[in-house]
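**Q** The structure's right below; bear with me while I get my questions together.
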Amino acid sequence: MRVLYAVIILVFCFSANLLAQDNELLLARQYSANGEPQKALEILQKLYKQNNETYYGNYVNALLNLKKFDEAESITKKLQRRHPEDHQYAIMLGNIYTQQGNSAKADAIYDDLLKTLPADQGEISALASQFYQNANMDYAIRIFQQGRKLLKNDNAFTYELINLYRFKRDKVALTEEYLNFLPQNPSFINQAQNAFSNVYEGSTDYDMLKFALLKRIQKDPQQTIYADLLTWQYLQQKEFGLALNQALALSRRQNDDGNSIYDLCRTLIQNEAYDEAIRGYEYIIEKGKASPLYITAKIELINTKNLKITSGKYQQADLLGLEKDYTDLLTEFGRNASTAFAMQKLANLQAFKLHKTIDAQKLLEEAVKLAGVRPALLADCKLDLGDIYLLNNQPWEATLLYSQVEKDFPATAIGQDAIFRNAKLAYYTGDFTWAKGQLDVLKVATSQLIANDALNLLLLIQDNLAADSSGAALKMYARADLQIFAQNPDKAVMTLDSIDKKFPNNNLDDDILMSKSRILIQKKDYAGTVPLLKKIAEEHPNGLWADDAVFMLGDIYENRLEDKATAKNYYQKIITDYPGSLWINEARKRFRLLRGDKPV
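If you count by mature numbering (1 follows the signal peptide of the UniProt record, and there is no 0), then the sequence shown holds residues -20 to -1, 1 to 580, one letter each, in order.
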């Protein structure tokens, strides 16, 4: 029993001693953090003398912090003699010499470690790790490289070297290491792409990758991983045509089903490279109806042409070509529930781009009668048909369809959209009282976009009726708004320009400016839009469209004019000058991203 008590007492004393030492170490660190290195050194010196090997690292670093190089060298050499097999002391000695300014003496020590490096993978890794812990990346890399030679294995230590090159931002070495690694490990291509994206800083770096890849492809044309990476490189440089050409060449060589081209087309569309995506889908379609991607590619081809047109990057021939593509699709696959989406898109093309509103009306009247159409798609077709009835001067038919959708989809985004279209119909036709009643309901719509649009339209009506109870000028403005909706910009501008002449004391200055801005945006004339939006923001800072104009300026500068600094200023203006704006959250998010904050 006495022996047990003695053991317990010894353990207790040992634990208490360790706890006391830990507390003193924490105190030393606190002194160091507070800018009192001498007090920290005194504590660490005492701890070192009590247990020199445990606190060696802390003590020697404290000595170096006070530039007491001789003492640091002396204790390090003493421990090196005691433990000649432990290389941490040699590395620390080299570190001491480096801090003294004697890099030649340090390199001599490190070179000696390189010369005596054993052909043992574990010891090589341990020594490199010690260099890394001493922030000596260069010698850690040299240890691994020498280790490869000793082990006669060019693939050894790949992960470690990749991490070191990435940490050092050594672009050339990182590139070569991955290009050596990927042929046997193709599943790591995404990791390589992410690493390159993080360290490359511009076209010069991507060109370096391109030349390295072309050299390897010439030497080993069967290695597909290099071709895939070259395609990615072209995408980063926004050389979309070259990216597609490279991918097509590889697909033809492999005689595959075109899956890689299909995936690439999606990336091209995201980058608005519509012509290249169209070429990619046409390649898949040319493989014939037996291809598993034939139908999908045919549909996506037409969708891409539609996107090209709605983006404004088209000629009149593109419109007619797309109309023919939709017609051919409906001829090949019939008019049924599976192709109702194509009927809807064709009708919208005919109504708003080709201005064949009668043809569009007939097509959608047929679509809404088809059996088996998905409810949501059927509702969209009805809403679009209502819009076309409006364009064809059949407002009663339009409001009936809007009301049907509202009834079928209560308290949903589709139902709220139907209410909003009904309200706009009343606004277009001059029934402002009924429009106000509908818009008042939509101010709290679950869809923020609809709620915002409804509130703006409601305020437009209220403000202008307060200035002119007859609403004569507002009715003329609404007719111009309808022409904008119908995508008849020239007619809309003529009407807008006539308002001031016919009603010289109207209250629509900023509204007319906003409408003209939207017409120019519709035409993709972003540079022309800017002065109009600036005029709204500067001359009508408390008006209905002020915050919209400021946010639109930010968006145009960011995404269309490539002026991120100016965009950031406009987003900041929303935050500081319009804290109640519905754009506040989006403006704050974009401002932070442009400032360089990491996305949450």
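Even for Gly, the Cβ is constructed at its ideal location relative to N, Cα and C.
#1: Under 8 Å by Cβ, that's how I've got Gly127 and Phe111 pegged, so tell me the actual separation to the nearest angstrom.
#2: Quick one: Cα of Phe332 to Cα of Glu303, how far?
#3: Would you identify the three-state DSSP class for Val353, choosing helix, strand or coil?
#4: If you draw a straight line from the C-alpha of Ala192 to the C-alpha of Gly576, how long is it?
#5: Can you find the residues in the same chain that come closer than 6 Å, C-beta to C-beta, to residue 586, ignoring five residues on each side of it along the sequence?
#6: So does the region 475 to 487 actually touch the region 327 to 342, counting three or more Cβ pairs closer than 8 Å?
#7: DSSP on Ser449, reduced to helix/strand/coil?
#8: Given this structure, state the Cα-to-Cα distance separating Ala415 from Ala406, to the nearest angstrom.
#9: Is the beta carbon of Lys195 less than 8 Å from the beta carbon of Leu210?
#10: So, at 8 Å on beta carbons, what are the nonlocal neighbours of Asp420 in its own chain, with the 5 sequence-adjacent residues on each side left out?
#11: Is it the case that the Cβ atoms of Ile142 and Glu157 are separated by a distance below 8 Å?
#12: In whole angstroms, what separates the C-alpha of Ala507 from that of Asp360?
#13: Which complete alpha helix (DSSP H) runs does the region 60 to 97 hold, if anything under 4 residues is left out?
#14: Taking the beta carbon of Asp535 as the centre, do at least 16 other beta carbons fall within 10 Å, making it buried, or is it exposed?
#15: What is the DSSP secondary structure of Gly534, reduced to helix, strand or coil?
#16: Which stretch, first to last residue, makes up the alpha helix (DSSP H) that contains Thr211?
#17: I need the boundaries of the alpha helix (DSSP H) containing Trp414, first residue and last residue.
#18: In this structure, how does DSSP classify Val348 when only helix, strand and coil are distinguished?
#19: Would you call the region 195 to 206 in contact with the region 158 to 167, where contact means no fewer than 3 C-beta pairs closer than 8 Å?
#20: Cutting at 6 Å between CB atoms, please list the residues of its own chain near Ile501, excluding the five before and the five after it.
#21: Would you check if the region 172 to 183 and the region 218 to 237 touch, i.e. whether three or more CB-CB distances between them fall below 8 Å?
#22: Exposed or buried, what is Gly15 when buried is set at 16 or more other beta-carbons lying within 10 Å of its beta-carbon?
#23: If you draw a straight line from the alpha carbon of Val(-10) to that of Glu65, how long is it in whole angstroms?
#24: Residue 595: buried (16+ other C-beta within 10 angstroms of its C-beta) or exposed?
#25: Within 10 angstroms of its Cβ, does Thr556 collect 16 or more other Cβ (buried), or is it exposed?
**A** A quick look at the data gives this:
#1: Between Phe111 and Gly127 the Cβ distance is about 12 Å, and since that is not below 8 Å, they are no contact.
#2: 12 Å
#3: coil
#4: 31 Å
#5: Because the chain spans -20 through 580 in this model, residue 586 falls outside it and cannot be assessed.
#6: no
#7: coil
#8: 5 Å
#9: no
#10: Leu438
#11: yes
#12: 34 Å
#13: 68 to 80 and 83 to 95
#14: buried
#15: helix
#16: Thr204 to Gln216
#17: Phe412 to Leu422
#18: coil
#19: yes
#20: Thr509
#21: no
#22: exposed
#23: At Val(-10), the pLDDT of 41 sits below 50, so the modelled position is not reliable; the number obtained from the coordinates is stated separately. In a straight line, the C-alpha of Val(-10) is about 32 Å away from that of Glu65.
#24: Outside the modelled stretch of the chain, which goes from -20 to 580, sits residue 595, for which no answer is possible.
#25: exposed
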